[in-house]
Amino acid sequence: MNPKITLIISITTEKNIEQYLKNIKNQLLENIEVIFVYDKIDKNTNKILENFCKNDSAYLKIISEKNRSHGFLKNKSLNIAQGDFITFIDSTDNIDFNFMEKLYKKAKNEDLDLLISVSYEKIKDYSLSKNMCENVFNFQDMNKSIFYLSNTLKGNLYRRNLLDTYKIRFPTMLSFEDKPFLLETFLTAKHVSILLREPALNMKSEYSSNELLDMIQISTLILNIFKKYDMFNTYKKLLLNFKIYFLKKGYTKIKDKNDYFNLMKEDLINLSQNKKLCDAFLHELNEENLKFYKNCLKSQDFNQFNLNMTFTKINEKLDEKQQKLNFINGNLSKWTEKLNNKENKINNLKTKLDNEKKQMKINEKNQNNREITIQIKEANLKDKETRITQLQENLDNKEKKLDNKIEKYNNLEKELIKKESSINTKFKELETEKELLNEKIKHLEDKETNIIQLQEKLKVQEEKIDQKHVKYIDNLNKITNNLEKNQKEYEKRLIKIDEDITLKKIELEQMQNNNSNKKSNTPKISIIICAYNREEYLKRCLNSVKNQTLKNIEIICADDGSTDNTLDVFRKYANKDHRFKFFTQKNSGPGVARNKAIKMATGEYIMFLDSDDWIELNTCEELYKKVKLNDLDILLFLMKNYSEETGEYYEDSYYNLTPIPDDFENKVFSHEDISNIIFSISISACQKIYKRSLVKKVHFAEKLLFEDNPFFWGVMLQAKRMSLLKKYFYLRSRHTSSITSEYDNKYFDVIPISNKVISIFKELNLVNMYKYQLTNYKINYISQWYHMMEEKYKNTFWDLMHDDFQKLHEDKKIDSLMLNNLNEPNKLFYLRTLKSRSYVELDYLEKYSDEK
7 MNPKITLIIS ITTEKNIEQY LKNIKNQLLE NIEVIFVYDK IDKNTNKILE NFCKNDSAYL
67 KIISEKNRSH GFLKNKSLNI AQGDFITFID STDNIDFNFM EKLYKKAKNE DLDLLISVSY
127 EKIKDYSLSK NMCENVFNFQ DMNKSIFYLS NTLKGNLYRR NLLDTYKIRF PTMLSFEDKP
187 FLLETFLTAK HVSILLREPA LNMKSEYSSN ELLDMIQIST LILNIFKKYD MFNTYKKLLL
247 NFKIYFLKKG YTKIKDKNDY FNLMKEDLIN LSQNKKLCDA FLHELNEENL KFYKNCLKSQ
307 DFNQFNLNMT FTKINEKLDE KQQKLNFING NLSKWTEKLN NKENKINNLK TKLDNEKKQM
367 KINEKNQNNR EITIQIKEAN LKDKETRITQ LQENLDNKEK KLDNKIEKYN NLEKELIKKE
427 SSINTKFKEL ETEKELLNEK IKHLEDKETN IIQLQEKLKV QEEKIDQKHV KYIDNLNKIT
487 NNLEKNQKEY EKRLIKIDED ITLKKIELEQ MQNNNSNKKS NTPKISIIIC AYNREEYLKR
547 CLNSVKNQTL KNIEIICADD GSTDNTLDVF RKYANKDHRF KFFTQKNSGP GVARNKAIKM
607 ATGEYIMFLD SDDWIELNTC EELYKKVKLN DLDILLFLMK NYSEETGEYY EDSYYNLTPI
667 PDDFENKVFS HEDISNIIFS ISISACQKIY KRSLVKKVHF AEKLLFEDNP FFWGVMLQAK
727 RMSLLKKYFY LRSRHTSSIT SEYDNKYFDV IPISNKVISI FKELNLVNMY KYQLTNYKIN
787 YISQWYHMME EKYKNTFWDL MHDDFQKLHE DKKIDSLMLN NLNEPNKLFY LRTLKSRSYV
847 ELDYLEKYSD EK
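Numbering-wise, the sequence shown is residues 7 to 858 according to our numbering.
Shown next as structure tokens:
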């Protein structure tokens, strides 16, 4: 029975680790698988976790590899996870005792593919509606929320079948690996829901410079994910604005803006080379993001880019001020008109007064008798003038108040005009709808009488039709089911018939040779076994070969100067079975022994078997049928590991050949068909069967460790017909004596081995085809072993590595090839090694740059 939930815990600190383990142990939900993951190996942490795993459930596992990326370790834990659902949490997070139970019950009751855990305080920030928080939905209902919700990985629950069917994994060697993982699950999950929780999970807020540089690759990776699922056009506007926003965010936070700007500009230039995508950027970006995008493409360096961005901000402020000035000038013209009208009114009043004065003077001349009355009128006029001046002052005060009210009314008028226009349009639409409805009502009233009559007739006919329809559907379902079954059976039969025909042709050829008394003694397969002090496991290995169902085989045993009874065991088997041949040599390594054995081999095909491993009894027969059926040069198959300490079998993604797609199993292909994944395939010589004519052209590296590397590339690159058989034939023994406890000076051979691999690509004129993969393989291979090397050997290893890199640097063609094709981490390691004067300085440069 599978666990209900696999809980993957990233160990970030040793503080309070015992209390945290108690919280996990006290969870209400039973049957939980827990996988601890950490990349900084600590003895105290190791002891605490090992004791916790020993004393508790069998579903507790530990994955710890030094200096590995978070994405790599999470993928490794996903590959071994057995739970129906998977969740991720850090050791610094506080979780309630019923948290896992809440997650599992909600996911199980609602049949969810993805359950997102969101704190109450983030609902408004993520623009989540009530329906989304209460109901089941998918990515089509999410709109903008799909980018907000992709910020939270921890506390979510993922259906393991969904991740395995769509092969959803984290990107390795990159920071911000959570965002593409989450977005791909959103696009593939059919049933999604939200669980509201208290804010108990911590979110990382500070990032190093190297992590911020990865934001550029991550943003491009997200675009490719939406293209992969044909969702790019649906979310085009949101995606492009999100990409520029994501780049801006990294640019503002990073201290070393020069490297970030160069990488960002290169990324945008590559995207803009696609005309459709370039037009989409220009039309879909909002105003602020569009300015950032254009300035980045225009600017030659980050200094010019900063100047352009400041100029754009200044221009925006000037535009705002110009708009305000235009508004004030428009109002000034209105105010001046009002003032002119008031001045005209006052002037009219003055003219009237002047006319009255003139008339009074005329009346004085004509009527001397009325002097007294005139004097009274003059006094009255003076009183009126004083009143007019007072009124004028009051009018001025009222004008100011009116101007303020006019501004408010103008703003209200604009809003009312907009509302009136919208109301008028709606009113017109309603009127047209009314007319159409009236016409339809008349038409429906006429038809109503006919429909009532027809309904009675239809009821009778519908009952008859329903009965016939049910019978018809039953018959159709039976027929389709039978057709599907027959089709699958016919396809299987055809495949078997084709295989039987080819096998019978082979048998007929053998019969013809027997009839003509030309018996062939050539073995079908030569199996080469090299051994050094493996007496303990050797009989199991030799018995698995001796008892093969295919009898016409040859077994060549090589003793590499063993000091135990290995040679005596070989001699006993050779005395009893003529198919066994053996030889011995001074201790020179497996490369020398295998090359001698290849020269002795006479079989059509060759296999290699390590002396502590073994194979299934039908291995040779199954493999020989497959290679003869398709005339193959190489056939790849699967390995399974066996622990000698626990007696358990377990699988490994490396030896499972997971990078090769499943549909390649029945295909014949060459290295060109799998060029994008050829550097991810297992290089083990024991995991393949080879045509002898091909193997004779290639040799194992002699007296060097990692001798498989040159042999693997020499064979794979020259093979024209390869295929894959996804079956476990090879059983690989794992025990303490097979694992190196420390990385000693034998591992200095990494440097010459990598040069031998490059020379093979040169001889076959394939450097240009694989220039990106080959250069990164070279630096990554050496840097990986440098970081795992013991301190006492580091100085010597650094000398060899520095000399090797210096030779590459002195050749201008090779140096430019390296700098143009290396990814950012490998390029930094290459340049820092050249720059440093000792391994201490190299370690200081790496540490200082990471902290910075």
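Backbone N, C-alpha and C define an ideal beta-carbon position, used for all residues, glycine too.
Looking at residue j and residue i, is the spacing between their C-beta atoms short of 7 Å?
{"i": "Lys777", "j": "Asn827", "result": "yes"}
{"i": "Val701", "j": "Gly720", "result": "no"}
{"i": "Arg540", "j": "Thr572", "result": "yes"}
{"i": "Ala691", "j": "Ser617", "result": "no"}
{"i": "Ser192", "j": "Lys263", "result": "The sequence given here has Phe at residue 192, not Ser. No. Outside cutoff."}
{"i": "Asn829", "j": "Asn782", "result": "yes"}
{"i": "Ser659", "j": "Asn85", "result": "yes"}
{"i": "Thr18", "j": "Thr98", "result": "yes"}
{"i": "Leu269", "j": "Ile222", "result": "yes"}
{"i": "Leu623", "j": "Thr555", "result": "yes"}
{"i": "Thr839", "j": "Leu848", "result": "yes"}
{"i": "Gly609", "j": "Glu560", "result": "yes"}
{"i": "Arg698", "j": "Ile612", "result": "yes"}
{"i": "Asn314", "j": "Asn247", "result": "no"}
{"i": "Ile640", "j": "Pro665", "result": "no"}
{"i": "Leu169", "j": "Glu107", "result": "no"}
{"i": "Thr3", "j": "Ala87", "result": "Limits of the chain in this structure are 7 at one end and 858 at the other, which puts residue 3 out of reach."}
{"i": "Tyr299", "j": "Ile250", "result": "yes"}
{"i": "Asn32", "j": "Asp90", "result": "no"}
Can you check which of these residues, the options, is closest to residue i by C-alpha distance?
{"i": "Leu823", "options": "Gln724, Arg727, Ser278 and Ile785", "result": "Ile785"}
{"i": "Leu118", "options": "Ile766, Ala87 and Leu163", "result": "Leu163"}
{"i": "Glu39", "options": "Glu24, Cys59 and Asp45", "result": "Cys59"}
{"i": "Tyr656", "options": "Leu79, Arg738 and Lys432", "result": "Arg738"}
{"i": "Leu218", "options": "Phe182, Leu731, Leu772 and Glu451", "result": "Phe182"}
{"i": "Lys605", "options": "Lys578, Leu168 and Ile534", "result": "Ile534"}
{"i": "Ala385", "options": "Phe252, Asn832, Met366 and Ser75", "result": "Met366"}
{"i": "Lys356", "options": "Lys21, Thr392, Leu245 and Ile231", "result": "Thr392"}
{"i": "Tyr213", "options": "Lys255, Glu421, Val763 and Phe433", "result": "Lys255"}
{"i": "Leu207", "options": "Asn29, Met807 and Thr158", "result": "Thr158"}
{"i": "Asn295", "options": "Lys243, Ile260, Glu343 and Lys340", "result": "Lys243"}
{"i": "Tyr854", "options": "Ile23, Asn216 and Lys425", "result": "Asn216"}
{"i": "Tyr630", "options": "Lys530, Ser70, Asn553 and Leu710", "result": "Lys530"}
{"i": "Lys10", "options": "Tyr110, Asp668 and Asp402", "result": "Tyr110"}
{"i": "Met807", "options": "Ser199, Ile757, Arg843 and Phe176", "result": "Ile757"}
{"i": "Gln693", "options": "Asn662, Asp668, Lys673 and Ser681", "result": "Asn662"}
What residue does the beta strand (DSSP E) around residue i start on, and which one ends it?
{"i": "Met7", "result": "Premise fails: Met7 is in no beta strand (DSSP E) and is neither H nor E."}
{"i": "Arg698", "result": "It is not in any beta strand (DSSP E) - Arg698 instead sits in the alpha helix (DSSP H) that spans Arg698 to Val701."}
{"i": "Lys67", "result": "Leu66 to Ser70"}
{"i": "Asp96", "result": "Phe91 to Asp96"}
{"i": "Ile785", "result": "No beta strand (DSSP E) holds Ile785; the alpha helix (DSSP H) holding it covers Lys777 to Met794."}
{"i": "Ile122", "result": "Leu120 to Ser125"}
Am I right that residue i and residue j are in contact with their C-beta atoms under 8 Å? What's the rounded C-beta distance?
{"i": "Phe712", "j": "Ile759", "result": "5 Å"}
{"i": "Lys80", "j": "Val43", "result": "7 Å"}
{"i": "Asp102", "j": "Arg74", "result": "So it is not a contact: roughly 31 Å between Cβ atoms."}
{"i": "Ser550", "j": "Ile621", "result": "5 Å"}
Which residues share a DSSP beta bridge with residue i?
{"i": "Arg740", "result": "Ser649"}
{"i": "Trp620", "result": "Leu737"}
{"i": "Thr590", "result": "Asp565"}
{"i": "Tyr655", "result": "Tyr648"}
{"i": "Met613", "result": "Ile533 and Ile695"}
{"i": "Phe712", "result": "DSSP, once it has assigned bridges, lists no residue as partnering Phe712."}
{"i": "Arg165", "result": "Phe91"}
{"i": "Ser729", "result": "Leu641"}
{"i": "Leu13", "result": "Val40 and Thr93"}
{"i": "Ile559", "result": "Ile531"}
Ends of the alpha helix (DSSP H) at residue i?
{"i": "Val142", "result": "Premise fails: Val142 is in no alpha helix (DSSP H) and is neither H nor E."}
{"i": "Lys582", "result": "Thr572 to Lys582"}
{"i": "Glu39", "result": "No alpha helix (DSSP H) holds Glu39; the beta strand (DSSP E) holding it covers Ile38 to Tyr44."}
{"i": "Arg600", "result": "Pro596 to Met606"}
{"i": "Ser760", "result": "Val756 to Glu769"}
{"i": "Val198", "result": "It is not in any alpha helix (DSSP H) - Val198 instead sits in the beta strand (DSSP E) that spans Val198 to Arg203."}
{"i": "Met148", "result": "Counting along the chain, Met148 falls outside any alpha helix (DSSP H), and DSSP gives it neither H nor E."}
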